[in-house]
Structure formats: structure tokens, C-alpha cells
Amino acid sequence: MQKKSFSEMQCPVAQSLNNVGEWWNILILRDAFYGMKRFDEFQSSLGIASSTLTRRLNGLVDSGLLERYQYSSKPPRYEYHLTQRGRDFKSVLISLMDWGNQHFPPEQVTVVIADKQTGQATQPILIDQITGKIITEETHAIRRTPKNK
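So the mapping is simple: the working numbering equals the position in the sequence shown, first residue as 1, plus 17.
Quick look at the structure:
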């Protein structure tokens with residue numbers, strides 16, 4: 018099935034999906050946050066076909082979410098490291114994990130966002146970086162800008 022490009026849409030959600038919209042991409046980024054860097058680590062974790070993983074890794078590199086570093090020349094082998102753009106995806110991933118735990122919980126919670134010092138599970142919230150206010154459905158709205166109506 019041909020993937021639709023959203024590159025002409027002037028919408029940050031569409032542009033984001035254009036770069037990370039494939040479910041494999043999000044799982045690869047998740048594993049990169051877990052510390053995985055090598056092709057075989059991603060493949061073992063995800064059970065993904067080599068050809069599919071190659072395409073997805075290349076796409077994430079092309080989108081500027083991962084950088085490829087050669088660590089062996091014979092045969093050529095690469096590690097994949099998160100770029101700043103890739104690291105900035107962390108808040109999206111945290112929100113997706115939290116939403117999944119709330120609405121599609123496995124029999125037991127398998128992933129939590131934990132405080133690094135205490136190990137205590139946390140409950141993520143959205144906060145406006147400018148005002149420090151918590152963003153809720155009651156206090157904030159998603160609106161199109163006049164240019165995008």
C-alpha cells in the first residue's frame with residue numbers, strides 16, 4: 018500500500034506524522050530511548066523483517082531523528098543514535114505510553130515513567146513552558162491559526 022505524503026499540509030500534526038507516522042518508526046524510537054543502537058538489537062526486540070527495519074532506519078536517518086555511525090568496516094556495521102530532533106520526541110513517546118497505560122492497559126503495567134533518583138512511577142502532565150500553567154481540556158483549546166483555516 019502506498020504511503021500518503023503529508024508534506025504539503027501546513028499542520029504540525031501532519032508534518033510529524035510524515036516523519037514518524039509508521040508504527041515501526043515509533044517503536045524503533047522507543048527502543049532507541051531504551052538504549053538500543055544496533056540493527057540486531059532493534060530486530061531482536063521488535064521481531065521485524067530485516068528489509069522493513071532497514072527501510073525504517075533509513076527513513077528515520079533521512080528525517081533527522083537518528084544519525085548513523087559506522088562501528089565496523091568489515092563487514093560494514095552501524096549504530097543509530099538519537100539526534101536532538103529524535104530526543105525531542107521523548108515527550109510525545111511519554112504521552113503515548115501514559116495514554117496507552119490509561120486506555121489500553123496490558124494485564125499488568127509493563128512500562129512506566131519513573132523518577133531517575135527514586136525509581137518512583139510518575140504521572141505525566143502537560144505544562145505551558147511560558148506560564149508554567151498545567152494544560153487541561155478545561156483551560157486550553159487546540160485552535161487553527163488564521164493562516165491555516
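In this text, a Cβ means the ideal position worked out from N, Cα and C, and glycines have one as well. Please read these numbers as outputs of a predicted model, since none were measured by experiment.
Open item on the list: DSSP has ALA131 in a bridge; who is on the other side?
Closed with: Sequence index remark: in the sequence shown, residue 131 carries index 114 (1-based). DSSP lists ALA138 as partners of ALA131.
- [ ] Have a look at ARG73 and THR135 and give me their C-alpha separation to the nearest angstrom.
- [x] Numbered from its first residue, the sequence shown carries residue 73 at position 56. Numbered from its first residue, the sequence shown carries residue 135 at position 118. Roughly 35 Å separates the two Cα atoms.
Task: CA-to-CA distance, ASP57 to LEU44, given in whole angstroms - done: Stepping through the sequence shown from its first residue, residue 44 is reached at position 27. Stepping through the sequence shown from its first residue, residue 57 is reached at position 40. When rounded, the distance between both Cα atoms is 15 Å.
- [ ] Sort GLY76, ARG47, ASN75 and ARG161 by Cα distance to SER62 and report the nearest one.
- [x] As a first step, residue 62 is located in the sequence shown; it is residue number 45 there, counting from the start. That would be ARG47, whose Cα lies nearest to the Cα of SER62.
Open item on the list: Taking CB distances under 7 Å as the criterion, tell me whether GLN125 reaches chain C.
Closed with: Here there is only one protein chain, and chain C is not present.
- [ ] Would you mind working out which of ASP105, TYR86 and SER68 sits nearest GLU96, comparing C-alpha positions?
- [x] The sequence position of residue 96 within the sequence shown is 79, counting from 1. Taking only the C-alpha atoms, the option nearest GLU96 is TYR86.
Open item on the list: Is the beta carbon of LEU82 closer than 7 Å to that of GLY103?
Closed with: Reading the sequence shown from its first residue, position 86 is the one you call residue 103. Reading the sequence shown from its first residue, position 65 is the one you call residue 82. The answer is yes: Cβ separation under 7 Å.
Task: For GLU155: DSSP bridge partner residues - done: Within the sequence shown, residue 155 is the residue found at index 138, counting from 1. Paired residues: none, contrary to the question.
- [ ] Check each candidate in GLN32, ALA49, ARG55 and GLN60 and name the one with the smallest Cα separation from GLN101.
- [x] Here residue 101 refers to the residue found at position 84 when the sequence shown is read from its first residue. Residue ALA49 is the option with its Cα nearest to GLN101.
TODO: Can you grab the Cα-Cα spacing for the pair GLN60 / SER67, in whole Å?
DONE: Translated into the one-based positions of the sequence shown, residue 60 becomes position 43. Translated into the one-based positions of the sequence shown, residue 67 becomes position 50. In a straight line, the C-alpha of GLN60 is about 7 Å away from that of SER67.
Open item on the list: For a minimum of 3 consecutive residues, which ranges assigned as the beta strand (DSSP E) are wholly contained in the segment 65 to 122?
Closed with: 83 to 90 and 93 to 99
Task: When THR153, ILE152 and ARG55 are compared against PRO93, the one with the closest alpha-carbon - done: For this step, residue 93 is matched to residue 76 along the sequence shown. Considering only alpha carbons, the answer is ARG55.
TODO: Alpha carbon to alpha carbon, how far is GLN125 from GLY149? Give it in angstroms, no decimals.
DONE: The residue labelled residue 149 in the question sits at position 132 within the sequence shown. The residue labelled residue 125 in the question sits at position 108 within the sequence shown. Straight-line Cα distance between these residues: approximately 33 Å.
TODO: Hey, could you find the ends of the alpha helix (DSSP H) LEU44 is sitting in?
DONE: Numbered from 1 along the sequence shown, position 27 holds the residue referred to as residue 44. Segment 40 to 50, the alpha helix (DSSP H) holding LEU44.
Task: ILE130 vs PRO122 beta-carbon contact at 7 Å - done: Your numbering for residue 130 matches position 113 in the sequence shown. Your numbering for residue 122 matches position 105 in the sequence shown. No, the Cβ-Cβ distance between ILE130 and PRO122 is not below 7 Å.
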